[in-house]
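Protein chains: 2
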Amino acid sequence: MLKNDTFLRALLREPVAYTPLWIMRQAGRYLPEYNATRARAGSFLQLCQSPDLATEVTLQPLARFPLDAAILFSDILTIPDAMGLGLYFAEGEGPKFERPIRDEWEVRNLTVPEPDVGLRYVLDAVGQIRRSLAGSVPLIGFSGSPFTLACYMVEGGGSDDFRHIKGMLYRRPDLLHRILEVTTEAVIRYLNAQIESGAQAVMVFDTWGGTLTPAAYREFSLHYLSMIADGLIKHAEGRRVPNVVFTKGGGLWLESIADSGYDAVGLDWTMDIAEARRRVGDRVALQGNMDPMALFGSPDSIRAEVQRILAGFGMGSGHVFNLGHGITRFTDPEQVAVLVDAVHQLSRPFHAEVV
Amino acid sequence: MLKNDTFLRALLREPVAYTPLWIMRQAGRYLPEYNATRARAGSFLQLCQSPDLATEVTLQPLARFPLDAAILFSDILTIPDAMGLGLYFAEGEGPKFERPIRDEWEVRNLTVPEPDVGLRYVLDAVGQIRRSLAGSVPLIGFSGSPFTLACYMVEGGGSDDFRHIKGMLYRRPDLLHRILEVTTEAVIRYLNAQIESGAQAVMVFDTWGGTLTPAAYREFSLHYLSMIADGLIKHAEGRRVPNVVFTKGGGLWLESIADSGYDAVGLDWTMDIAEARRRVGDRVALQGNMDPMALFGSPDSIRAEVQRILAGFGMGSGHVFNLGHGITRFTDPEQVAVLVDAVHQLSRPFHAEVV
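Taken in sequence, the protein lines are chains A and B. Okay, so the first sequence: first residue is 92 according to our numbering, each after it adds one. Okay, so the second sequence: first residue is 92 according to our numbering, each after it adds one.
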């Protein structure tokens, strides 16, 4: 039994006493204790690949702040790494692949990795984190979206223009679809294996879908996101396993995203949450959406932003508070404490009628 | 008299025979002749500061392609440089300022530069380009938006999180407003001086407004954009001088932008142009909106994208074709020739009824 299931209930739009929150990248470089563990691990990849250390950093933000969920500490690119692309981190440059996928034969050779084998270390971390959480709050599993994973797989790393994958999209859409099909199957198996290992909710991060045209978004990202929603395990341990999709920069396409089969939709901070709620009605819950940079304001301005977002969503359940993107390394943890406290305190009046 | 005024007519939604086009950053690094001139200039800044060389590169894309407008070749950061911030370009790092604006005394010391003095080289280039164009196509003048200029002024260069300016926005909104007030006055005087020197249309580039929350966008970007629209010279040389505003990533706020007082609104490629036209009605013309990366497709896929966008806008005037962002340096000029030809040929049926 979970001591605090507010997060799961809000995702399913069931009554709650306050608006739950967690923070994207809550286990991260803004925490000195995280940096200490990472230094001990030797590298970011070694940190991800050690279930002991991944468990340790997953729990760190929960020791500091009364957050309503834990999220598996892992990298977004574990799947392509397990496909054999050779993930590495060049100092100060972000993730890269030794063997990006560009040619037809490379695409044809892609296969779905067996989670139990190539991604065993992630599943072990999920199990170990669940045991360590001891029922305090739910654990979120996650994956990158097929299109987002394909961006890194084709570009060979981060990009500011995505010209290789977009060149493929326009010149050889068949090849890109093949990459996305294999990756979609891999994501479904990966997330289901996380659920079977103990994840109590799952989230798909479509970090780069928002860089597409509306037509290309529907064809190359949303279509596969929808297939994932269909393929996910919906119940485990006797309760519903809610799922969340987040396309950064997808505000213009909110209705289509809300219809893609997920329980909840993540919002970045460019979307007015009141307008979002009007547009999606009661189809989905919403997760978000404070600008991570609002944490560089004053305690008073943080509370004002929290109040603005809570009032924007309005009365009742169906809102999980979060930032609209990952918290940055330069954030002062004291400001995070202000945020967490503000959400918990200021949200109670918005749930007064229903509890 | 202009030989080709299709661009100006389309911005004013007057009948035209075909959809005109120009390309953001059309004079740029994808052209070998541009790179040759830049090498001769010594540096990007020297290129901008020489009216002879700025004229030369402004005309280069027009010698290759039958574009419907020329745009002044200049840098977006001329105004803060004239304010004394010390613009420089670190190799491979983009623009930087020697003296960013962070402290209250620095904000208080900001003054509006006199265009005739500190920006004389830009006005000289405008006059020289106009003479060289000899009435072939209109010349577009431009400026960065107050918020976009303030981003560089406060950050001291480019940024991927804007934490300094957003920290100021949340902690000391009064200081940011003061920067924006001074910059707005500077932009109005700068654009009006460009018009008096011969610019036949002007465009305000709000490159970073789309990184704000909706509330902050209205208060810190759109408010000042609207003041600029009010302050611009509307007629010169006996004809209307149309103005265009472009907030990259502003699709969610399209109605407010369309109501801010400009003749035309630029669209990036994440917005469906058919939906945009429905939302703005006949309030403004639209400019855009092909993904610059579509130029990495095949000639057939480029023509298909052009057709999709033209059909999306539909029948009649009020559309200036463009990319949704600047063309990138890796683009093959042959692909640009395909684009220009496709827009001119494929757009004629959409104007058949009205001409």
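Idealized CB from N, CA, C, for every residue including glycine. The structure displayed is predicted, hence computed values, not measured ones.
- Under the three-pair Cβ rule at 8 Å, the region 163 to 178 of chain B counts as touching the region 237 to 251 of chain B.
- With a cutoff of 7 Å on beta-carbon distance, residue 188/B and residue 177/B are scored as near each other.
- Each of 287/A, 376/A and 364/A was checked against the Cα of residue 328/A, and the nearest Cα belongs to 287/A.
- Taking 7 Å as the threshold, the shortest C-beta distance from residue 389/A to chain B falls below it.
- Close to residue 252/A, with beta-carbon spacing below 7 Å, are these residues of chain B in chain order: 384 and 419.
- Taking the C-beta atoms as reference points, residue 353/A is found nearer than 7 Å to residue 336/A.
- Taking residue 343/B as the centre and dropping the five residues before and after it, the same chain places the C-beta of 305 closer than 8 Å to its C-beta, in chain order.
- 261/A is the residue among 194/A, 371/A, 261/A and 107/A whose C-alpha sits nearest the C-alpha of residue 388/B.
- Annotated three-state conformation of residue 178/A is strand, per DSSP.
- Measuring C-alpha to C-alpha distances from residue 317/A to each of 303/A, 330/A and 295/A identifies 295/A as the nearest.
- Around the CB of residue 100/B, 16 or more other CB atoms lie within 10 Å, so the residue is classed as buried.
- The shortest C-alpha to C-alpha distance from residue 332/A to any of 341/A, 403/A and 322/A is the one to 322/A.
- Residue-level contact by beta carbon fails for residue 131/A and chain B, as no gap is shorter than 7 Å.
- For the pair residue 365/B and residue 385/B, the Cα-to-Cα distance works out to about 19 Å.
- Residue pairing by DSSP places residue 186/B opposite 180/B in a beta bridge.
- For the region 297 to 324 of chain B, the residues whose beta carbon sits under 9 Å from a beta carbon of chain A are, in order, 301, 302, 303, 304, 305, 306, 307 and 308.
- The beta carbon of residue 343/A sits closer than 7 Å to some beta carbon of chain B.
- If you draw a straight line from the Cα of residue 139/B to the Cα of residue 394/A, it is about 45 Å long.
- The beta carbon of residue 185/B sits no closer than 7 Å to any beta carbon of chain A.
- A direct Cα-to-Cα measurement between residue 160/A and residue 312/A gives close to 27 Å.
- Take residue 361/A, set aside five residues on each side of it, and the residues of its chain with a beta-carbon closer than 7 Å to its own are 342, in chain order.
- Taking a C-beta cut-off of 7 Å against chain A, none of the residues of the region 206 to 225 of chain B qualify.
- For residue 298/A, the CB contacts under 6 Å within the same chain, skipping 5 residues up- and downstream, are 239 and 339 in chain order.
- In this chain, the alpha helix (DSSP H) harbouring residue 403/A covers 390 to 404.
- Residue 211/A sits in a helix when the DSSP states are folded into three classes.
- The beta-carbon of residue 121/B is placed no less than 7 Å from the nearest beta-carbon of chain A.
- Contact holds between the region 218 to 235 of chain A and the region 272 to 290 of chain A, because three or more Cβ pairs, one in each stretch, are under 8 Å apart.
- As computed with DSSP, residue 244/A is found in no beta bridge at all.
- Taking 3 residues as the minimum length, the beta strand (DSSP E) runs contained wholly in the region 248 to 318 of chain A are 292 to 297, in order along the chain.
- Residue environment analysis places residue 127/B among the exposed positions, since fewer than 16 neighbouring C-beta atoms fall within 10 angstroms of its C-beta.
- Under the 7 Å criterion on CB atoms, residue 363/A is classed as interfacial with respect to chain B.
- For residue 269/A, the closest Cβ of chain B is not nearer than 7 Å.
- For the region 113 to 200 of chain A, the full-length alpha helix (DSSP H) segments reaching 4 residues or more read 123 to 132, 135 to 140, 142 to 155, 169 to 173 and 195 to 199 along the chain.
- Here the alpha carbon of residue 137/A sits roughly 52 Å from the alpha carbon of residue 163/B.
- Residue 262/A has a beta carbon lying within less than 7 Å of a beta carbon in chain B.
- Using a CB distance cut-off of 7 Å, residue 360/A counts as an interface residue toward chain B.
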